[in-house]
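Residue numbering for the sequence shown follows my numbering, beginning at 483 and increasing consecutively. Where a beta carbon is used, it is the ideal one built from N, C-alpha and C, also for glycine. This report refers to the structure that appears directly beneath it.
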Amino acid sequence: MTELRDSQTEVWHFRLRALAVGALVLVAFCLVLARLVFLQVLRHEDLAAQAESNRTAVLPIVPGRGLILDRNGVVLATNYSAYTLEITPARVAALDETIDELAKVVEIQARDRRRFKRLLEESRNFESLPIRTRLTDQEVARFAAQRYRFPGVDIRARLFRSYPLGDVASHAIGYIGRINQSEKARIQDSDDEANYRGTEYIGKLGIEQSFESALHGATGVERMETSAGGRAVRKLASHAATPGDTVVLALDIRLQKMIEDLFGERRGALVALDPRSGEVLALVSKPTFDPNLFVEGIDADNWAALNESIDKPLLNRALRGTYPPGSTYKPFMALAALQLGKRSPSLVVNDPGSYTFGGHTFRSHEGGLGGVDMQRALQLSSNTYFYSLAVEMGVDNIHDFMRPLGFGQATGIDLQGEVPGTLPSTDWKRKTYRRADMQRWFPGETVSLGIGQGYNSFTMLQLAVAQATLANGGTRYRPHLAKAVKNALTGAVTEVAQPPGANLGYLPRNVDIVRNALVAVNKDGTGARVFAGAAYTSAGKTGTAQAVSLGPNVKYNAKALAEHLRDHSLFTAFAPAEAPSIALALIVENAGFGSAHAAPIARRVFDYWLMGEYPSEEDIAAVQKGLAGAPIGKPRKVDEVPLVRATAAP
């Protein structure tokens, strides 16, 4: 039986299916068209930028770091170019095995591995890290021939920091080191983030740290066309980096080197200032360290030697070492007495060799000095005179007079890390101690303040600032190392702006009384032996400060004490007395009497600065041993003594 087909129905169904398919195709076409409009019209700029970014790479150009010079143009910090062998850990499958294979091509020592491991812990995997620095031309050639064996390992030419004079003035100059994680976080939160792209090193200490922004320069950029594999094809555009500016210091590096040699192996500090401006002429902290050790990352052995040494070479004693000032405090006590009307200069006080207060006897000169007025008390350093003066003045009056001189507070020097020290007062003690019975100030505690002992604890920088203020008649200047900045592009030299000096309002006649007494110290007093025959007039004050307290009936005997428990030797001075151009404060730790160890160093400093004389080798050796008074041997002219460079850039 033949099946009858409804052709009309079939046609209708066919047309319906065709219409559905057509609608589906139309919808799909509309979606494609909409997507094309979205991508090519609405997101054209964004996607074009992404495409360009995939085709190009923007590389930072790290600027050359600025130089550091002394006041006479001697280079203290510079740069040199050298090849480094670097590994990008993210591109190396087996890191240890790769290093072992590299060691067969280029010498890699154990310290190189330790430094690389430390850098690896501090850095991200995609960063390029040095495994060897300062490659020779032969080592570069050997690696280049086998480069194909080491994916992720490259040779780069980099600028390295160099400190040509090695450990000379290391605490003042400072050093640079690899940027650590906390420094990275700080940079990322600052406006300088873009300027530090590609930079791996930053100032860590001294002028390198405090003038980082000037020394760093401005980072440049280079836009390169790259292949799909990420290899550079050609340079498209570049913007050169701006090298860092040159920082010129007020420091006289020859003077600095001479002073460090005079200290020898002894610990201590010296700060010399120009009292007319606050310029730092020398800032010595002994022992020193070689900043070149830190540039590439210091190895564990050298770090342990520096960090664990009992002599603490990393401690900047000039800024962070605090000491009782001893008798060098007495001139300021005398000036306070005159200014506050507590004593006339002619008042005579009997010095029997001791002072008794509240049933306690305080030591003075054995046998006593008899009757002493203010000048004689300073000239011969009478303790009794200043014990009684401190009691008459009271701790708070002493505090209020000494604070404007800079004692017990940061001086504001252009170096970081300065500590304030301690200038005691009743309020200070109340805030310092927790126990109620310790918060009370006892009258007997005031006695020792008069001779720079007790709670008094200051830095040599503070003592030098006070001495410079006394030398110039009462104007306190902020001490500063940086003298000028020289623009790297234009060569223009700009003086580093400093605040005006603060006039403390001392009466000239009072200043003259104290200054004349200090001149007498070096003419006929405790400094006379050292300054005998000097061609200029100087003013000074010797000091001996206790490192540890002795019992009331215990007599000081240096030979019976361990070396680090012996008294400190101090000296403060300025010259020429009639128109001072240099003032200083120094300490030789645990050396004993100031006239034997500290004062001879000051004499050589003044001879250098005022007379252009450099001590003989024989004289330097005698000063180092504390066996010199006035200079011995024939002095040399400063320009005739070579400034030996400790290191040389390869």
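Taking just the CA atoms, how far does residue j sit from residue i?
i	j	result
Tyr562	Gly934	48 Å
Thr810	Tyr645	35 Å
Phe940	Thr560	34 Å
Ile880	Lys739	37 Å
Lys1116	Asp1089	13 Å
Ile543	Gly699	11 Å
Ala723	Arg547	11 Å
Phe693	Thr976	14 Å
Val996	Asn832	20 Å
Ser826	Ala667	60 Å
Gln620	Ala626	10 Å
Leu860	Arg749	27 Å
Ala1112	Leu1052	17 Å
Gly853	Asp1049	27 Å
His842	Pro834	15 Å
Tyr1038	His1079	The predicted model places Tyr1038 with a pLDDT of 41, which falls under 50 and marks its position as unreliable, so this point remains unresolved.
Ala999	Leu755	21 Å
Ser489	Leu518	43 Å
Gly746	Gln1106	5 Å
Ala1130	Glu778	Residue placement at Ala1130 is flagged as unreliable, the pLDDT there being 42, under the threshold of 50; a coordinate-derived value is accordingly withheld.
Pro902	Ala970	36 Å
Ser1016	Glu900	Here the sequence assigns Ala to residue 1016, which means Ser is not the residue at that position. Those two C-alpha atoms are separated by around 35 Å.
Leu796	Leu788	7 Å
Asp674	Gln663	16 Å
Val1012	Leu744	15 Å
CB-CB under 7 Å to residue i, same chain, minus the five flanking residues each way: which ones, in chain order?
i	result
Ala624	In the sequence on display, residue 624 carries Arg and not Ala. Cβ neighbours of Arg624 beyond the five flanking positions: Val587, Val588.
Arg916	none
Asp878	Ser907, Thr908
Ala639	Ser563, Tyr565
Arg912	Gln921
Would you mind giving the Cβ-Cβ distance between residue i and residue j, rounded to the nearest angstrom? I have them listed as a contact below 8 Å.
i	j	result
Asp727	Lys968	6 Å
Leu697	Glu690	7 Å
Val762	Pro982	That pair is no contact at about 18 Å.
Met875	Ala818	7 Å
Ile655	Pro773	7 Å
Phe889	Ala984	Rounded, the Cβ-Cβ distance is 14 Å, inconsistent with contact.
Ala1014	Gln857	That belief does not hold up - the Cβ atoms of Ala1014 and Gln857 are roughly 20 Å apart, past 8 Å.
Leu829	Asp855	6 Å
Could you pull out every residue in the same chain whose Cβ sits closer than 6 Å to the Cβ of residue i, ignoring the five residues on either side in sequence?
i	result
Ala800	Ala751, Val753, Leu765, Ser767, Met942, Leu943
Tyr869	Tyr837, Phe844, Val929, Gly932
Asn798	His653, Ser767
Gly808	Gly934, Gly1025, Thr1026, Ala1027, Leu1052
Leu1043	Residue placement at Leu1043 is poorly supported in this model, since its pLDDT is 49, which falls under 50; the coordinates still yield a value, given next. Excluding residues within five positions, none has a Cβ falling inside 6 Å.
Please work out which residues of its chain come closer than 8 Å, Cβ to Cβ, to residue i, disregarding the five sequence neighbours upstream and downstream, and give them in chain order.
i	result
Leu986	Pro886, Leu887, Thr951, Gly956, Thr957, Arg958
Val873	Phe839, Pro925, Thr928, Val929, Gly932
His495	none
Arg616	Ala564, Tyr565, Thr566, Phe642, Pro1132
Lys965	Arg553, Val730, Leu731, Ala732, Glu761, Glu977, Val978
Leu611	Glu568, Ile569, Thr570, Pro571, Phe598, Leu601, Leu602, Ser605
Gly823	none
Starting from the Cα of residue i, find the closest Cα among the options and give me that residue.
i	options	result
Phe598	Pro571, Glu583, Gln620	Pro571
Ser1147	Ala627, Gly1115, Leu775, Met856	Since the first and last residues shown for the chain are 483 and 1132, residue 1147 lies out of range.
Gln821	Arg991, Ala1002, Arg631, His721	Arg991
Lys1023	Leu862, Ser610, Leu513	Leu862
Arg1073	Arg858, Gln1028, Ile569	The residue you asked about is not Arg; residue 1073 is Ala in the sequence shown. Closest option to Ala1073, Cα to Cα, is Gln1028.
Tyr805	Val777, Met856, Gly936	Gly936
Thr904	Leu945, Leu871, Ala918	Leu945
Tyr678	Thr701, Trp923, Ser664, Gly555	Thr701
Gln980	Ala953, Thr914, Asp896	Asp896
Could you pull the start and end residues of the alpha helix (DSSP H) that residue i belongs to?
i	result
Lys853	The sequence shown places Gly at residue 853, not Lys. Not the alpha helix (DSSP H): Gly853 falls in the beta strand (DSSP E), residues 852-854.
Tyr565	Element bounds for Tyr565: not the alpha helix (DSSP H) but the beta strand (DSSP E), 557-569.
Tyr867	865-875
Pro769	Careful: Pro769 lies outside any alpha helix (DSSP H) and carries neither H nor E.
Asn1004	990-1006
Asn832	Premise fails: Asn832 lies in the beta strand (DSSP E), 831-833, not in any alpha helix (DSSP H).
Ile1102	1099-1106
Glu690	688-692
Is there a Cβ from chain C that is less than 9 Å from the Cβ of residue i?
i	result
Asp594	Going by chain labels, chain C is absent from the structure shown, which holds only one protein chain.
Over the uninterrupted beta strand (DSSP E) stretch that includes residue i, give me the two end residues.
i	result
Arg660	658-660
Gly685	683-685
Phe642	635-644
Thr1054	1050-1057
Pro902	It is not in any beta strand (DSSP E) - Pro902 carries neither H nor E in the DSSP assignment.
Ile1155	As shown, the chain starts at 483 and ends at 1132. That puts residue 1155 outside it, with no answer to give.
Arg929	A quick correction: the sequence has Val, not Arg, at residue 929. First-last for Val929: 926-929, but that is the alpha helix (DSSP H), not the beta strand (DSSP E).
For the ligand SAH, any of its heavy atoms closer than 8 Å to the Cβ of residue i?
i	result
Tyr811	The model depicted lacks the ligand SAH and carries no ligand whatsoever.
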